[in-house]
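One structure below.
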Amino acid sequence: METEVINNSQESSNPATNTAEEKNSLAIIAYLTIIGLIVAFVMNNEKKEPFASYHIRQSLGLGITGLALGFANIIPILGWIVSILGMFVLLYMWIVGLMNAIRGKQEPMPILGKKYEEWFKSI
């Protein structure tokens, strides 16, 4: 019984596996609400994994774009239409970004992904 516990602890302490899982986890967490974005940003701040940083930038861009669409919603009729259509576009971009993080791909989201790379390159 004791040998099983020792073997399990040796398998889970492989640093290469833990690092890869951690950077993927941070990238995925970044897309899960604003709290997830903050948690991923803080956890990534000390190690600065490029993959996680990339998806944190993409997620931050989505959040700021969503905030801008919320302000557009204040404008009667035209603002409402732009806001509703924009939210559907944001939903599509969010799904693509999350799927890229899950699959381990570092690709920009459609439409504004490359702009997010430029705007938030210091993160």
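Numbering (numbering that gives the first Met the number 0), first residue to last: 0 to 122.
Backbone N, C-alpha and C define an ideal beta-carbon position, used for all residues, glycine too.
Quick caveat, the model's predicted, so the values are computed rather than measured.
Go ahead and label Leu97 buried or exposed: buried means 16 or more other beta carbons lie within 10 angstroms of its beta carbon, across all protein chains shown. The count along the sequence shown starts at 1 and reaches residue 97 at position 98. Its Cβ being crowded by 16 or more others within 10 Å, Leu97 is buried.
What separation, rounded to the nearest whole angstrom, lies between the Cα atoms of Arg56 and Phe119? Mapped onto the sequence shown, residue 56 falls at position 57. Mapped onto the sequence shown, residue 119 falls at position 120. Cα to Cα, Arg56 sits roughly 6 Å from Phe119.
Alpha carbons only, please: which of Gly78, Thr64, Pro75, Asn72 is nearest the one belonging to Val88? Within the sequence shown, residue 88 is the residue found at index 89, counting from 1. Among Gly78, Thr64, Pro75, Asn72, the Cα nearest to that of Val88 is on Thr64.
Closest residue to Ser58 among Ile94, Gly103, Ile73 (Cα-Cα distance): As a position in the sequence shown, residue 58 is number 59, starting the count at 1. For the options Ile94, Gly103, Ile73, the alpha carbon positioned closest to that of Ser58 is the one of Ile94.
Which residues in the same chain have their Cβ closer than 8 Å to the Cβ of Ser52, if we skip the five residues on either side of it in sequence? Working through the sequence shown from its first residue, we reach residue 52 at position 53. Taking C-beta separations shorter than 8 Å and ignoring five residues to either side along the sequence, the partners of Ser52 in its chain run Asn43, Ile122, following chain order.
Any alpha helix (DSSP H) of 4 or more consecutive residues that is wholly inside the region 76–102: Whole alpha helix (DSSP H) segments, 4+ residues: 77–102.
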